[in-house]
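Below is one structure; the comments refer to it alone.
In my numbering, the protein residues as written are 451 to 767.
Right, dumping it as C-alpha coordinates:
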(Lines of atoms letter the chains of each structure in order from A and count residues from 1; the text may use other names and numbers.)
(Lines give C-alpha, C1' and ligand atoms only; values in the text may rest on other atoms or scores of the structure.)
Protein backbone atom coordinates (compact mmCIF):
# COMPACT_ATOMS: atom_id res chain seq x y z
CA UNK A 1 0.00 0.00 0.00
CA UNK A 2 1.23 3.48 -0.86
CA UNK A 3 1.89 6.05 1.81
CA UNK A 4 -0.94 8.26 0.58
CA UNK A 5 -3.40 5.36 0.81
CA UNK A 6 -2.16 4.60 4.30
CA UNK A 7 -2.69 8.24 5.34
CA UNK A 8 -6.21 8.14 3.92
CA UNK A 9 -6.89 4.95 5.88
CA UNK A 10 -5.57 6.48 9.07
CA UNK A 11 -7.71 9.58 8.49
CA UNK A 12 -10.84 7.52 7.99
CA UNK A 13 -10.14 5.58 11.18
CA UNK A 14 -9.71 8.81 13.13
CA UNK A 15 -12.97 10.19 11.74
CA UNK A 16 -14.82 7.01 12.61
CA UNK A 17 -13.36 7.06 16.13
CA UNK A 18 -14.39 10.68 16.65
CA UNK A 19 -17.89 9.98 15.32
CA UNK A 20 -18.24 6.95 17.61
CA UNK A 21 -17.10 9.03 20.57
CA UNK A 22 -19.61 11.75 19.67
CA UNK A 23 -22.47 9.26 19.42
CA UNK A 24 -21.48 7.73 22.76
CA UNK A 25 -21.52 11.16 24.38
CA UNK A 26 -24.92 11.90 22.86
CA UNK A 27 -26.29 8.60 24.18
CA UNK A 28 -24.89 9.39 27.63
CA UNK A 29 -26.55 12.80 27.73
CA UNK A 30 -29.77 11.67 26.06
CA UNK A 31 -31.73 11.18 29.32
CA UNK A 32 -30.65 14.59 30.60
CA UNK A 33 -31.54 16.29 27.33
CA UNK A 34 -34.91 14.53 27.28
CA UNK A 35 -35.63 15.69 30.83
CA UNK A 36 -34.64 19.26 29.97
CA UNK A 37 -36.90 19.28 26.91
CA UNK A 38 -39.75 17.75 28.92
CA UNK A 39 -39.44 20.37 31.69
CA UNK A 40 -39.30 23.15 29.12
CA UNK A 41 -42.39 21.76 27.42
CA UNK A 42 -44.34 21.49 30.68
CA UNK A 43 -43.35 25.01 31.73
CA UNK A 44 -44.48 26.38 28.39
CA UNK A 45 -47.81 24.55 28.72
CA UNK A 46 -48.42 25.88 32.25
CA UNK A 47 -47.48 29.42 31.26
CA UNK A 48 -49.74 29.18 28.22
CA UNK A 49 -52.68 27.96 30.29
CA UNK A 50 -52.18 30.72 32.87
CA UNK A 51 -52.11 33.34 30.13
CA UNK A 52 -55.21 31.83 28.57
CA UNK A 53 -57.02 31.81 31.92
CA UNK A 54 -56.09 35.44 32.60
CA UNK A 55 -57.21 36.37 29.11
CA UNK A 56 -60.55 34.61 29.65
CA UNK A 57 -61.00 36.21 33.09
CA UNK A 58 -60.21 39.67 31.74
CA UNK A 59 -62.64 39.55 28.86
CA UNK A 60 -65.02 42.45 29.35
CA UNK A 61 -68.70 41.78 29.83
CA UNK A 62 -68.30 38.10 30.69
CA UNK A 63 -70.67 36.83 33.37
CA UNK A 64 -70.72 33.31 34.75
CA UNK A 65 -72.81 31.32 37.24
CA UNK A 66 -70.74 30.51 40.32
CA UNK A 67 -70.59 27.43 42.48
CA UNK A 68 -68.35 26.61 45.44
CA UNK A 69 -66.43 23.40 46.10
CA UNK A 70 -64.48 22.58 49.26
CA UNK A 71 -61.03 21.04 48.94
CA UNK A 72 -60.75 18.75 51.96
CA UNK A 73 -57.31 17.29 52.83
CA UNK A 74 -57.08 13.61 53.85
CA UNK A 75 -56.50 14.44 57.52
CA UNK A 76 -59.86 16.24 57.60
CA UNK A 77 -61.93 13.50 55.97
CA UNK A 78 -64.40 13.83 58.87
CA UNK A 79 -65.94 16.73 56.91
CA UNK A 80 -67.53 14.16 54.61
CA UNK A 81 -67.70 11.15 56.93
CA UNK A 82 -69.70 13.09 59.52
CA UNK A 83 -71.80 14.93 56.95
CA UNK A 84 -70.58 18.48 57.57
CA UNK A 85 -69.77 19.45 53.96
CA UNK A 86 -73.31 20.63 53.01
CA UNK A 87 -73.62 22.53 56.29
CA UNK A 88 -70.33 24.32 55.73
CA UNK A 89 -71.29 25.16 52.15
CA UNK A 90 -74.65 26.49 53.34
CA UNK A 91 -72.76 29.32 55.04
CA UNK A 92 -71.86 30.76 51.62
CA UNK A 93 -74.45 32.85 49.78
CA UNK A 94 -73.87 33.06 46.04
CA UNK A 95 -75.57 35.44 43.60
CA UNK A 96 -78.55 33.81 41.92
CA UNK A 97 -77.73 35.42 38.58
CA UNK A 98 -74.43 35.13 36.66
CA UNK A 99 -71.92 37.73 37.82
CA UNK A 100 -68.52 39.06 36.85
CA UNK A 101 -65.96 36.66 38.31
CA UNK A 102 -63.56 39.18 39.81
CA UNK A 103 -61.39 39.25 42.91
CA UNK A 104 -64.10 41.02 44.90
CA UNK A 105 -66.35 37.97 44.63
CA UNK A 106 -63.56 35.67 45.83
CA UNK A 107 -62.79 37.88 48.82
CA UNK A 108 -66.48 38.01 49.72
CA UNK A 109 -66.80 34.22 49.68
CA UNK A 110 -63.68 33.82 51.81
CA UNK A 111 -65.04 36.39 54.27
CA UNK A 112 -68.37 34.55 54.49
CA UNK A 113 -66.62 31.32 55.41
CA UNK A 114 -64.48 33.02 58.04
CA UNK A 115 -67.52 34.73 59.54
CA UNK A 116 -69.49 31.47 59.58
CA UNK A 117 -67.40 29.96 62.37
CA UNK A 118 -66.84 26.73 60.45
CA UNK A 119 -63.26 27.56 59.51
CA UNK A 120 -60.30 28.94 61.42
CA UNK A 121 -58.33 29.91 58.32
CA UNK A 122 -58.91 30.18 54.57
CA UNK A 123 -55.74 28.94 52.91
CA UNK A 124 -56.53 29.20 49.21
CA UNK A 125 -59.29 30.39 46.89
CA UNK A 126 -59.03 29.36 43.23
CA UNK A 127 -61.43 30.29 40.44
CA UNK A 128 -61.71 28.09 37.34
CA UNK A 129 -62.99 29.24 33.92
CA UNK A 130 -66.25 27.28 34.31
CA UNK A 131 -67.23 29.31 37.38
CA UNK A 132 -66.21 26.80 40.06
CA UNK A 133 -64.60 28.39 43.11
CA UNK A 134 -62.43 25.90 44.97
CA UNK A 135 -61.63 26.75 48.57
CA UNK A 136 -59.09 25.14 50.88
CA UNK A 137 -59.56 25.85 54.60
CA UNK A 138 -58.72 24.70 58.10
CA UNK A 139 -62.07 23.40 59.31
CA UNK A 140 -63.32 23.32 62.90
CA UNK A 141 -64.61 19.92 63.93
CA UNK A 142 -67.52 19.73 66.40
CA UNK A 143 -66.57 17.56 69.40
CA UNK A 144 -69.24 18.38 71.99
CA UNK A 145 -72.49 20.23 72.71
CA UNK A 146 -72.62 22.82 75.49
CA UNK A 147 -75.96 23.19 77.24
CA UNK A 148 -76.54 26.90 77.69
CA UNK A 149 -79.29 29.52 77.55
CA UNK A 150 -80.51 31.14 74.39
CA UNK A 151 -79.94 34.90 74.65
CA UNK A 152 -83.18 36.80 75.00
CA UNK A 153 -85.53 33.90 75.68
CA UNK A 154 -83.43 32.11 78.31
CA UNK A 155 -84.55 28.80 76.81
CA UNK A 156 -82.11 25.89 77.33
CA UNK A 157 -80.35 25.10 74.06
CA UNK A 158 -77.31 23.18 72.88
CA UNK A 159 -74.55 24.79 70.84
CA UNK A 160 -71.72 22.81 69.20
CA UNK A 161 -68.07 23.61 69.96
CA UNK A 162 -64.74 22.50 68.57
CA UNK A 163 -61.81 21.21 70.63
CA UNK A 164 -60.69 24.76 71.42
CA UNK A 165 -64.11 25.86 72.64
CA UNK A 166 -65.07 27.92 69.58
CA UNK A 167 -68.80 28.12 69.14
CA UNK A 168 -69.96 26.69 65.82
CA UNK A 169 -73.11 27.50 63.86
CA UNK A 170 -76.53 26.02 64.59
CA UNK A 171 -78.53 25.71 67.80
CA UNK A 172 -80.36 22.64 69.05
CA UNK A 173 -83.23 22.30 71.51
CA UNK A 174 -82.97 18.50 71.61
CA UNK A 175 -79.98 16.38 70.57
CA UNK A 176 -81.35 12.97 71.53
CA UNK A 177 -81.67 12.02 67.86
CA UNK A 178 -78.43 13.62 66.68
CA UNK A 179 -75.99 10.81 67.37
CA UNK A 180 -73.62 10.18 70.26
CA UNK A 181 -72.79 13.74 71.20
CA UNK A 182 -70.86 14.47 74.39
CA UNK A 183 -72.84 17.08 76.31
CA UNK A 184 -71.17 19.64 78.55
CA UNK A 185 -73.47 20.45 81.46
CA UNK A 186 -73.32 23.07 84.21
CA UNK A 187 -71.71 25.94 82.25
CA UNK A 188 -72.92 29.22 83.74
CA UNK A 189 -71.53 31.65 81.17
CA UNK A 190 -73.64 33.04 78.36
CA UNK A 191 -72.79 31.70 74.91
CA UNK A 192 -70.45 33.82 72.76
CA UNK A 193 -71.18 34.81 69.20
CA UNK A 194 -70.70 32.17 66.52
CA UNK A 195 -67.02 31.87 65.66
CA UNK A 196 -65.91 33.10 69.08
CA UNK A 197 -64.62 30.88 71.93
CA UNK A 198 -66.18 30.30 75.34
CA UNK A 199 -63.98 32.30 77.73
CA UNK A 200 -65.35 31.18 81.12
CA UNK A 201 -63.14 28.78 83.08
CA UNK A 202 -65.90 26.23 83.67
CA UNK A 203 -66.61 26.04 79.93
CA UNK A 204 -62.90 25.72 79.13
CA UNK A 205 -62.53 22.88 81.64
CA UNK A 206 -65.53 21.05 80.22
CA UNK A 207 -64.38 21.45 76.62
CA UNK A 208 -60.84 20.33 77.43
CA UNK A 209 -62.06 17.11 79.04
CA UNK A 210 -64.73 16.47 76.39
CA UNK A 211 -62.16 16.95 73.61
CA UNK A 212 -59.84 14.48 75.33
CA UNK A 213 -62.62 11.91 75.71
CA UNK A 214 -63.63 12.48 72.07
CA UNK A 215 -60.26 11.04 71.02
CA UNK A 216 -60.81 7.80 72.94
CA UNK A 217 -62.32 4.62 71.54
CA UNK A 218 -65.06 4.68 74.21
CA UNK A 219 -66.20 8.26 73.53
CA UNK A 220 -69.60 7.12 72.24
CA UNK A 221 -70.31 5.62 75.68
CA UNK A 222 -69.97 8.99 77.42
CA UNK A 223 -73.15 11.04 77.54
CA UNK A 224 -71.97 14.15 79.34
CA UNK A 225 -69.23 16.02 81.17
CA UNK A 226 -70.78 17.84 84.13
CA UNK A 227 -69.01 20.95 85.48
CA UNK A 228 -71.85 22.11 87.76
CA UNK A 229 -69.56 21.77 90.80
CA UNK A 230 -66.50 23.22 89.03
CA UNK A 231 -63.82 24.09 91.61
CA UNK A 232 -66.24 22.98 94.32
CA UNK A 233 -68.48 26.02 93.88
CA UNK A 234 -71.53 24.02 94.98
CA UNK A 235 -69.94 21.57 97.44
CA UNK A 236 -66.21 21.56 98.16
CA UNK A 237 -66.33 17.99 99.45
CA UNK A 238 -67.70 16.60 96.19
CA UNK A 239 -66.01 15.87 92.87
CA UNK A 240 -65.57 19.02 90.80
CA UNK A 241 -66.40 17.25 87.53
CA UNK A 242 -68.66 14.28 86.88
CA UNK A 243 -68.90 12.02 83.86
CA UNK A 244 -72.31 10.68 82.87
CA UNK A 245 -72.19 7.33 81.04
CA UNK A 246 -74.67 6.79 78.24
CA UNK A 247 -75.93 3.50 79.66
CA UNK A 248 -78.93 4.35 81.80
CA UNK A 249 -78.22 1.75 84.49
CA UNK A 250 -74.63 2.87 85.00
CA UNK A 251 -73.52 5.12 87.83
CA UNK A 252 -71.70 8.42 87.55
CA UNK A 253 -67.92 8.56 87.37
CA UNK A 254 -66.20 11.09 89.62
CA UNK A 255 -63.47 12.68 87.51
CA UNK A 256 -62.18 15.01 90.22
CA UNK A 257 -60.55 18.37 89.49
CA UNK A 258 -60.26 19.99 86.08
CA UNK A 259 -57.30 19.03 83.91
CA UNK A 260 -54.29 21.02 85.06
CA UNK A 261 -55.82 21.81 88.45
CA UNK A 262 -55.20 18.43 90.11
CA UNK A 263 -53.69 18.25 93.58
CA UNK A 264 -52.60 14.78 94.67
CA UNK A 265 -54.72 13.17 91.97
CA UNK A 266 -53.82 10.75 89.19
CA UNK A 267 -52.93 12.36 85.89
CA UNK A 268 -55.53 12.76 83.16
CA UNK A 269 -53.96 9.90 81.19
CA UNK A 270 -54.17 7.61 84.24
CA UNK A 271 -57.81 8.54 84.77
CA UNK A 272 -58.54 7.81 81.11
CA UNK A 273 -56.93 4.37 81.38
CA UNK A 274 -59.14 3.58 84.36
CA UNK A 275 -62.16 4.93 82.51
CA UNK A 276 -61.34 2.75 79.52
CA UNK A 277 -61.38 -0.30 81.79
CA UNK A 278 -64.78 0.75 83.09
CA UNK A 279 -66.17 0.96 79.56
CA UNK A 280 -64.54 -2.26 78.38
CA UNK A 281 -66.93 -5.05 77.29
CA UNK A 282 -68.14 -7.02 80.31
CA UNK A 283 -67.19 -4.34 82.82
CA UNK A 284 -69.87 -3.60 85.43
CA UNK A 285 -69.40 0.19 84.98
CA UNK A 286 -69.80 0.72 88.71
CA UNK A 287 -69.43 4.15 90.24
CA UNK A 288 -65.73 4.98 90.58
CA UNK A 289 -63.84 7.95 91.94
CA UNK A 290 -61.14 8.55 89.35
CA UNK A 291 -59.53 11.27 91.46
CA UNK A 292 -58.01 8.83 93.97
CA UNK A 293 -55.14 6.41 93.50
CA UNK A 294 -56.29 2.82 93.65
CA UNK A 295 -54.86 -0.53 92.66
CA UNK A 296 -58.05 -2.35 93.51
CA UNK A 297 -60.04 -4.19 90.89
CA UNK A 298 -63.32 -2.92 89.53
CA UNK A 299 -66.26 -4.84 90.94
CA UNK A 300 -69.98 -4.52 90.56
CA UNK A 301 -71.87 -2.90 93.43
CA UNK A 302 -74.62 -5.28 94.65
CA UNK A 303 -78.02 -4.33 93.26
CA UNK A 304 -79.76 -5.38 96.50
CA UNK A 305 -78.10 -4.99 99.88
CA UNK A 306 -78.61 -7.77 102.47
CA UNK A 307 -81.32 -7.13 105.00
CA UNK A 308 -80.40 -5.88 108.47
CA UNK A 309 -81.36 -9.12 110.21
CA UNK A 310 -79.25 -11.09 107.76
CA UNK A 311 -76.23 -8.94 108.57
CA UNK A 312 -76.87 -9.42 112.29
CA UNK A 313 -77.04 -13.20 111.92
CA UNK A 314 -73.72 -13.18 110.04
CA UNK A 315 -72.08 -11.21 112.85
CA UNK A 316 -73.30 -13.71 115.41
CA UNK A 317 -71.71 -16.51 113.44
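Ideal Cβ placement from N, Cα and C applies to all residues, glycine included.
When the Cα atoms are used, what is the spatial distance from residue i to residue j?
{"i": "residue 530", "j": "residue 593", "result": "15 Å"}
{"i": "residue 659", "j": "residue 680", "result": "13 Å"}
{"i": "residue 554", "j": "residue 543", "result": "14 Å"}
{"i": "residue 668", "j": "residue 630", "result": "11 Å"}
{"i": "residue 627", "j": "residue 687", "result": "36 Å"}
{"i": "residue 522", "j": "residue 689", "result": "41 Å"}
{"i": "residue 612", "j": "residue 488", "result": "47 Å"}
{"i": "residue 634", "j": "residue 572", "result": "29 Å"}
{"i": "residue 702", "j": "residue 545", "result": "52 Å"}
{"i": "residue 610", "j": "residue 726", "result": "25 Å"}
{"i": "residue 684", "j": "residue 691", "result": "11 Å"}
{"i": "residue 656", "j": "residue 678", "result": "10 Å"}
{"i": "residue 600", "j": "residue 733", "result": "39 Å"}
{"i": "residue 632", "j": "residue 698", "result": "15 Å"}
{"i": "residue 739", "j": "residue 700", "result": "14 Å"}
{"i": "residue 526", "j": "residue 536", "result": "15 Å"}
{"i": "residue 558", "j": "residue 579", "result": "18 Å"}
{"i": "residue 541", "j": "residue 490", "result": "43 Å"}
{"i": "residue 520", "j": "residue 494", "result": "29 Å"}
{"i": "residue 728", "j": "residue 532", "result": "27 Å"}
{"i": "residue 603", "j": "residue 737", "result": "37 Å"}
Measuring CA to CA, which of the options is closest to residue i?
{"i": "residue 730", "options": "672, 661, 561 and 577", "result": "672"}
{"i": "residue 590", "options": "579, 565 and 701", "result": "565"}
{"i": "residue 666", "options": "520, 539, 537 and 718", "result": "718"}
{"i": "residue 620", "options": "534, 737 and 494", "result": "534"}
{"i": "residue 662", "options": "579, 723, 537 and 577", "result": "723"}
{"i": "residue 624", "options": "641, 605 and 482", "result": "605"}
{"i": "residue 645", "options": "563, 694, 537 and 678", "result": "563"}
{"i": "residue 569", "options": "579, 578 and 539", "result": "539"}
{"i": "residue 524", "options": "603, 588, 537 and 598", "result": "588"}
I'd like the list of long-range same chain contacts for residue i, defined as Cβ closer than 8 Å, with 5 residues on each side in sequence excluded.
{"i": "residue 638", "result": "650 and 652"}
{"i": "residue 741", "result": "689, 704, 705, 706, 707, 712, 715, 716 and 721"}
{"i": "residue 682", "result": "688 and 690"}
{"i": "residue 598", "result": "606, 607, 608, 609, 637, 639, 640 and 641"}
Ordered along the chain, which non-local residues of its own chain (more than five positions away) have a Cβ less than 6 Å from that of residue i?
{"i": "residue 575", "result": "556, 560 and 585"}
{"i": "residue 696", "result": "671 and 673"}
{"i": "residue 664", "result": "593"}
{"i": "residue 567", "result": "618, 619, 644 and 645"}
{"i": "residue 622", "result": "608"}
Contact defined as beta carbons within less than 8 Å: I believe residue i pairs with residue j. What is the distance between those atoms, to the nearest angstrom?
{"i": "residue 583", "j": "residue 518", "result": "5 Å"}
{"i": "residue 676", "j": "residue 710", "result": "That pair is no contact at about 18 Å."}
{"i": "residue 647", "j": "residue 615", "result": "4 Å"}
Buried or exposed: residue i, going by 16 or more other Cβ atoms within 10 Å of its Cβ?
{"i": "residue 743", "result": "exposed"}
{"i": "residue 528", "result": "exposed"}
{"i": "residue 617", "result": "buried"}
{"i": "residue 693", "result": "buried"}
Got a sec? Which residues, its chain only, sit under 7 Å from residue i by beta carbon, not counting five neighbours each side?
{"i": "residue 654", "result": "615 and 648"}
{"i": "residue 482", "result": "none"}
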